[in-house]
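Residue numbering for the sequence shown follows this note's numbering, starting at 1 and increasing by one per position.
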Amino acid sequence: MSEGLRLALVVVLVAAGVAMICWAGYLQYASLPHEHTVRQGAKRTALAGCGMALILGGSRLS
1 MSEGLRLALV VVLVAAGVAM ICWAGYLQYA SLPHEHTVRQ GAKRTALAGC GMALILGGSR
61 LS
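Encoded structure:
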């Protein structure tokens, strides 16, 4: 894989991971009290976990 393509892939993966983590945090912050259920919490945690996996995957490529 060329160096430019690898760098672009790293940037995209890290940016997508940060966006997913920020979105999960926003969903937690903006949720109403009756939306604090185990299912909704698990969805937000999974979203943040996938974002972290994207960041770690991108850092392994660099």
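Glycine included, every Cβ here is placed at the ideal spot set by N, Cα and C.
Would you identify the three-state DSSP class for residue 36, choosing helix, strand or coil? coil
Tell me the DSSP secondary structure of residue 59 in three-state form.
helix
- Just the Cα atoms here: how many angstroms apart are residue 32 and residue 22? 18 Å
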